[in-house]
Amino acid sequence: AAPVQNADVKYKHRRTAVEIHRCRKGQRTDIKPTEWNMFGYANRDEVLQQEIVYDSQTVPIPRVRRCDITPEQFYKEYAEPGKPVIVEGACSHWPASSRWSLDALDERFRHVDFKVGKTDSGKNIALKMKYFVDYMRHQQDDSPLYLFETKMDETSTMRHLLDDFEHPDLFPHDWFALMNDDARPPHRWWCIGPKRSGTTVHTDPLGTSAWNAVTHGVKRWVLFQPETPKRIVKGKDVKRKGEDTEAVMYFDFLLPRLKQAYPDVQVYEGLQKPGDVIFVPGDWWHGVLNLEDCVAVTQNYCGPENFDKIWCRTRKDREKVAFLWLRNMRKFAPRLYQRAMELNERDSFRMRHQRNPGEKLSDDDDSSSDSSSTDSTSDDAEDLSPVGLEAALGSGVVLGVPARKRRVPTPQGIASVRGDAQDSESMAPKRHCISGAADPEGVQPNRS
Numbered sequence: 002a003a004p005v006q007n008a009d010v011k012y013k014h015r016r017t018a019v020e021i022h023r024c025r026k027g028q029r030t031d032i033k034p035t036e037w038n039m040f041g042y043a044n045r046d047e048v049l050q051q052e053i054v055y056d057s058q059t060v061p062i063p064r065v066r067r068c069d070i071t072p073e074q075f076y077k078e079y080a081e082p083g084k085p086v087i088v089e090g091a092c093s094h095w096p097a098s099s100r101w102s103l104d105a106l107d108e109r110f111r112h113v114d115f116k117v118g119k120t121d122s123g124k125n126i127a128l129k130m131k132y133f134v135d136y137m138r139h140q141q142d143d144s145p146l147y148l149f150e151t152k153m154d155e156t157s158t159m160r161h162l163l164d165d166f167e168h169p170d171l172f173p174h175d176w177f178a179l180m181n182d183d184a185r186p187p188h189r190w191w192c193i194g195p196k197r198s199g200t201t202v203h204t205d206p207l208g209t210s211a212w213n214a215v216t217h218g219v220k221r222w223v224l225f226q227p228e229t230p231k232r233i234v235k236g237k238d239v240k241r242k243g244e245d246t247e248a249v250m251y252f253d254f255l256l257p258r259l260k261q262a263y264p265d266v267q268v269y270e271g272l273q274k275p276g277d278v279i280f281v282p283g284d285w286w287h288g289v290l291n292l293e294d295c296v297a298v299t300q301n302y303c304g305p306e307n308f309d310k311i312w313c314r315t316r317k318d319r320e321k322v323a324f325l326w327l328r329n330m331r332k333f334a335p336r337l338y339q340r341a342m343e344l345n346e347r348d349s350f351r352m353r354h355q356r357n358p359g360e361k362l363s364d365d366d367d368s369s370s371d372s373s374s375t376d377s378t379s380d381d382a383e384d385l386s387p388v389g390l391e392a393a394l395g396s397g398v399v400l401g402v403p404a405r406k407r408r409v410p411t412p413q414g415i416a417s418v419r420g421d422a423q424d425s426e427s428m429a430p431k432r433h434c435i436s437g438a439a440d441p442e443g444v445q446p447n448r449s
């Protein structure tokens with residue numbers, strides 16, 4: 002499409018325009034702040050309303066109602082084999098369903114700064130909630146600013162967000178919680194995405210799996226199997242000169258071209274609606290387009306089904322993180338520590354503290370080492386918060402696969418990481434069945 006003239010947007014707050022100009026200027030240096038709507042996608046609703054056509058190449062992401070599956074069944078059918086799925090009604094009961102409306106957020110956090118981007122130098126770009134909500138309600142951008150906040154538990158004001166949702170019981174493990182928050186890689190994001198915003202196709206770091214829960218709005222997802230080449234899923238061979246690669250452009254023309262150019266590539270697509278939680282297994286390529294203004298929370302995790310892979314990648318690509326993680330495994334999760342040591346012995350892998358000064362890994366490329374960790378080596382027991390330990394060890398339950406009273410299948414070598422566990426009836430998983438859940442076969446982007 003030919004570029005269109007940038008139109009002035011009238012905001013409610015006098016200072017919103019100035020603040021948005023600052024954020025745009027810091028977020029993207031390849032275009033001017035006045036060019037964020039140059040392709041006119043705000044006037045092209047067909048991109049957000051187009052129906053997903055399923056065929057032999059494009060297949061629906063599996064769907065299941067939360068009331069029809071137990072955590073044990075979920076582990077066996079989806080988590081362990083690494084199959085993506087959308088679980089309907091898994092978060093419909095959260096207080097966030099009402100507390101995270103735009104009006105409620107504007108009232109609760111209007112003067113609080115949230116992260117809406119990063120500069121080329123890696124500095125966070127922050128914006129007050131009142132300006133961001135004002136922007137969302139009036140923006141005409143092709144690919145709008147996206148609020149991604151990682152520090153919900155670091156300020157007294159943001160910490161109230163933690164009271165609005167709960168960790169889904171389908172994902173009981175969080176073994177990275179054996180490190181304090183300053184040392185562990187980023188793992189949880191609270192997200193507000195205006196319509197037309199999204200994320201380009203990518204895989205999550207270190208082979209971690211992820212869950213994403215939507216409380217407001219609808220997301221369109223595309224997934225590719227891990228073995229699909231990066232060049233294909235990114236659409237590098239079908240992108241034309243001068244075209245952008247933002248999420249709205251990807252779903253508009255890159256994805257259709259990709260399907261046509263590579264008819265044998267399996268593509269998974271689906272819509273995630275309010276109350277739905279999607280499970281994205283590690284190493285699956287995935288991208289998202291927000292069809293409406295969306296509010297969601299997402300978390301990457303390490304559990305029994307992916308520990309071996311994640312440990313092997315962490316010890317190489319995040320050496321400081323691996324050192325701290327291993328040390329606390331030894332203190333608090335001896336059987337998990339034993340498994341990590343078995344993997345090191347199997348691969349003849351020597352940790353950083355086991356190598357001579359200046360000695361590097363034979364295949365170390367230095368490209369990503371320690372990029373998500375700090376230089377701190379302090380991770381004593383008193384540094385680990387009770388919440389963090391409980392997330393990893395559970396409350397009166399084992400750390401390994403039987404992380405709840407109802408035991409699930411166990412990969413060999415990680416059976417029970419603590420021997421002092423006690424069964425607890427209070428830990429029995431809850432089941433929620435929401436009447437009127439979305440039609441599993443529905444493909445219309447019916448925004449609610």
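Position in the sequence shown (first residue = 1) + 1 = the numbering used here.
Heads up, the beta-carbon is just placed ideally off N, CA and C, and yes, glycines get one too.
As assigned by DSSP and simplified to three states, the class of residue i
i              : result
tryptophan 191 : strand
glutamine 273  : strand
isoleucine 233 : helix
leucine 49     : helix
isoleucine 279 : strand
aspartate 164  : helix
glutamate 293  : coil
glutamine 141  : coil
tyrosine 302   : strand
leucine 325    : helix
glycine 288    : strand
tryptophan 95  : coil
valine 60      : strand
lysine 11      : coil
threonine 35   : helix
Test item: CB-CB of residue i and residue j under 8 Å
i                 : j                 : result
phenylalanine 280 : valine 88         : yes
histidine 188     : phenylalanine 177 : yes
aspartate 114     : valine 134        : no
alanine 91        : aspartate 205     : no
tyrosine 42       : arginine 197      : yes
tyrosine 338      : aspartate 175     : no
leucine 163       : valine 117        : no
leucine 272       : valine 202        : no
valine 322        : histidine 139     : no
leucine 207       : proline 227       : no
phenylalanine 110 : threonine 158     : yes
8 Å contact criterion, which residue i and residue j should meet: CB distance rounded
i                 : j              : result
lysine 274        : valine 215     : 7 Å
phenylalanine 149 : valine 298     : 11 Å between Cβ atoms; not a contact.
proline 85        : isoleucine 62  : 6 Å
glycine 194       : asparagine 291 : 4 Å
tyrosine 132      : threonine 35   : Actually they are not in contact, since the Cβ atoms of tyrosine 132 and threonine 35 sit about 18 Å apart, beyond 8 Å.
lysine 260        : threonine 59   : 7 Å
phenylalanine 324 : methionine 352 : 6 Å
Buried or exposed (CB count within 10 angstroms, at least 16 for buried), residue i
i              : result
isoleucine 32  : exposed
isoleucine 21  : buried
threonine 30   : exposed
serine 369     : In this predicted model, serine 369 has a pLDDT of only 35, less than 50, meaning its place in the structure is not dependable; the value taken from the coordinates is given anyway. By the neighbour-count rule (16 or more Cβ atoms within 10 Å), serine 369 is not buried but exposed.
asparagine 307 : buried
threonine 209  : buried
aspartate 143  : buried
histidine 217  : buried
valine 54      : exposed
histidine 112  : exposed
aspartate 69   : exposed
glycine 288    : buried
valine 19      : exposed
asparagine 213 : buried
threonine 120  : exposed
arginine 67    : buried
asparagine 38  : buried
arginine 160   : exposed
Rounded straight-line distance, which links the Cα of residue j to that of residue i
i                : j                 : result
arginine 310     : leucine 179       : Strictly speaking, residue 310 in this sequence is lysine, with arginine absent from that position. If I take the Cα positions, the gap works out to 17 Å.
alanine 265      : threonine 229     : Looking at the sequence provided, one finds aspartate at residue 265 rather than alanine. Between aspartate 265 and threonine 229, the C-alpha separation is close to 11 Å.
glutamine 181    : tryptophan 326    : The residue you asked about is not glutamine; residue 181 is asparagine in the sequence shown. When rounded, the distance between both Cα atoms is 9 Å.
aspartate 56     : glutamate 270     : 11 Å
glycine 283      : lysine 77         : 16 Å
histidine 14     : lysine 129        : 12 Å
tryptophan 286   : phenylalanine 225 : 5 Å
lysine 240       : tyrosine 263      : 14 Å
phenylalanine 40 : glutamate 52      : 22 Å
aspartate 104    : tryptophan 312    : 42 Å
aspartate 294    : glutamate 155     : 26 Å
asparagine 462   : aspartate 183     : Only positions 2 to 449 of the chain appear in this structure, which leaves residue 462 out of reach.
proline 96       : alanine 211       : 22 Å
arginine 100     : aspartate 170     : 21 Å
Minimum Cβ-Cβ distance from residue i to chain C less than 8 Å
i          : result
lysine 332 : The structure shown contains no chain C; it is built from a single protein chain.
Residue i CB to nearest heavy atom of the ligand FAD below 7 Å
i           : result
proline 257 : The ligand FAD is not part of this structure, which contains no ligands at all.
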